[in-house]
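Colleague: Right, I'll just put the structure down here and ask away after.
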Amino acid sequence: IIFLVSSTIFTLGRSSEAFLLLRAKDAGVALALLPIIYFVYNITFALFSTPAGILSDKIGRRNTFMVGMLIFSMTYFLFARLHSVSAIWILFAVYGFYSAFTEGIGRAIVADLVEEKLRATAFGIYNAFNGIALLPASLIFGFLWDKFGVATAFNWGAGLALAAFFVFLFLRFRYRPHYKVV
Numbered sequence: 001i002i003f004l005v006s007s008t009i010f011t012l013g014r015s016s017e018a019f020l021l022l023r024a025k026d027a028g029v030a031l032a033l034l035p036i037i038y039f040v041y042n043i044t045f046a047l048f049s050t051p052a053g054i055l056s057d058k059i060g061r062r063n064t065f066m067v068g069m070l071i072f073s074m075t076y077f078l079f080a081r082l083h084s085v086s087a088i089w090i091l092f093a094v095y096g097f098y099s100a101f102t103e104g105i106g107r108a109i110v111a112d113l114v115e116e117k118l119r120a121t122a123f124g125i126y127n128a129f130n131g132i133a134l135l136p137a138s139l140i141f142g143f144l145w146d147k148f149g150v151a152t153a154f155n156w157g158a159g160l161a162l163a164a165f166f167v168f169l170f171l172r173f174r175y176r177p178h179y180k181v182v
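Below, the structure written as structure tokens:
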């Protein structure tokens, strides 16, 4: 339950990647380059997903996932403050690390937390909560951006990621995976 609460809080701080592309455009990235900057995010995500999984097998899924949460929070914090085109390109690459450290690892945590006969149900619940949270996440983010500015919206996301991090930290004493860390 704590992981579900934490990941849902975390998801409420995430917004559609379309907002990242709008941020890039506002910072001066040419419209024609937006697909390429999004490719930078995706290639970083793809290239570092396997190393993140290997790291997760060595230091534990919880620790790896928490690193991803901190990367997300830091990236959103910097999206709120940095305005140069070069900084935005770097942030898109760093954002790919967040995805590499959380996407597959989050699912692995779900698998570790439940008995084998309940895994499909657990994945369904996990994906349902996170999927449902994505809509209000983007609505809130868009509202904050529109009414209070880009910095407020990104600070909201960074703050919720930190809140989720601390909720997840509580799992430290409750998380008993069904695997042994090598």
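Residue numbers (the working numbering): 1 to 182.
The beta-carbon is built from N, C-alpha and C at its ideal position, and this holds for glycine as well.
Keep in mind the model is a prediction, meaning the values are calculated, not measured.
If you draw a straight line from the alpha carbon of L34 to that of L21, how long is it in whole angstroms?
Modeller: Their Cα atoms are separated by approximately 6 Å.
Colleague: Comparing alpha-carbon positions, which option in A164, F170, L169 lies nearest T8?
Modeller: The shortest Cα separation from T8 among A164, F170, L169 belongs to A164.
Colleague: Output yes or no for whether 8 Å exceeds the beta carbon distance between A87 and A151.
Modeller: In this structure, A151 does not lie closer than 8 Å to A87 by Cβ.
Colleague: Does the distance from the C-beta atom of I105 to that of S56 stay below 8 Å?
Modeller: Taking 8 Å as the Cβ cut-off, I105 and S56 qualify as a contacting pair.
Colleague: Grab me the residues of L162's own chain with a C-beta within less than 6 Å of its C-beta, minus the 5 sequence neighbours each way, in chain order.
Modeller: So the qualifying residues of the chain are S73.
Colleague: Report all residues from its chain with a CB closer than 7 Å to the CB of G157; omit the five preceding and five following residues, and keep chain order.
Modeller: For G157, where only same-chain residues beyond five positions count, the Cβ hits under 7 Å are G13, R14, S15, Y76, F141.
Colleague: Out of A137, L144, F170, G149, point me to the one whose CA is closest to F10's CA.
Modeller: The option with the nearest alpha carbon to F10 is A137.
Colleague: Might you give, ordered along the chain, the residues of its own chain that have their beta carbon closer than 8 Å to the beta carbon of I43, omitting 5 neighbours on each side?
Modeller: So the qualifying residues of the chain are G96.
Colleague: Where do the N-terminal and C-terminal ends of the alpha helix (DSSP H) with A164 fall, by residue?
Modeller: Unbroken alpha helix (DSSP H) run through A164: 150–169.
Colleague: For F45, I'd like the list of residues in its chain whose CB is within less than 7 Å of its CB, leaving aside the five on either flank, ordered along the chain.
Modeller: Result list for F45: G96, S99, A100, in chain order.
Colleague: Can you grab the Cα-Cα spacing for the pair F173 / A133, in whole Å?
Modeller: With a pLDDT of 46 at F173, under the threshold of 50, the predicted position of this residue should be treated as unreliable, though the coordinate-derived value follows. Spanning the two alpha carbons is a distance of roughly 26 Å.
Colleague: Between the beta-carbon of I37 and the beta-carbon of F92, is there less than 8 Å?
Modeller: Yes, these two residues count as a Cβ contact at 8 Å.
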